[in-house]
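The UniProt record's numbering numbers the first residue of the sequence shown as 1 and each following residue consecutively.
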Amino acid sequence: WSEDRFNEIIKETSTFIKKVGYNPKAVAFVPISGWHGDNMLEESANMPWYKGWTKEIKSGVVKGKTLLDAIDAIEPPARPSDKPLRLPLQDVYKIGGIGTVPVGRVETGIIKA
Numbered sequence: 001w002s003e004d005r006f007n008e009i010i011k012e013t014s015t016f017i018k019k020v021g022y023n024p025k026a027v028a029f030v031p032i033s034g035w036h037g038d039n040m041l042e043e044s045a046n047m048p049w050y051k052g053w054t055k056e057i058k059s060g061v062v063k064g065k066t067l068l069d070a071i072d073a074i075e076p077p078a079r080p081s082d083k084p085l086r087l088p089l090q091d092v093y094k095i096g097g098i099g100t101v102p103v104g105r106v107e108t109g110i111i112k113a
């Protein structure tokens, strides 16, 4: 439960995040122990030095203490329905008696029946 090690990990990860084009201020860093459940759902008594995380999102600044708080603070991506249809295919199935069935998710636009 070392604060120094946690800060070292934040520093290394932030450097990497910047290199790949993300803003480290938009990332919540949470020290957790999946083995013991520390800071997963509830605040841990094993890390009294940890005061919580802060991250910047489009609508402002969000704060929390646990991994669940960080997951809840993730903003879903906008999927504009006013743009042209974009449906990336994930797979294509050949089903006997039915034919070829493409499988994917609509990213933008809409499909009308």
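Idealized CB from N, CA, C, for every residue including glycine.
Local Cβ density within 10 Å of residue i, reported as buried at 16 or more and exposed below that
i, result
"A70", "buried"
"D72", "exposed"
"L67", "buried"
"N39", "buried"
Sequence-distant residues of its chain with Cβ nearer than 6 Å to residue i (five each side left out)
i, result
"P80", "T108"
N-terminal and C-terminal residue of the beta strand (DSSP E) that residue i is part of
i, result
"T54", "W53 to I57"
"D4", "No beta strand (DSSP E) contains D4, which is instead part of the alpha helix (DSSP H) from E3 to K19."
"L41", "No beta strand (DSSP E) contains L41, which DSSP labels as neither H nor E."
Cβ distance (whole Å) where residue i is taken to contact residue j below 8 Å
i, j, result
"V101", "I95", "6 Å"
"W53", "K63", "7 Å"
Beta-bridge partners of residue i, as assigned by DSSP
i, result
"S33", "D38"
"T66", "Partner(s): none; T66 has no beta bridge."
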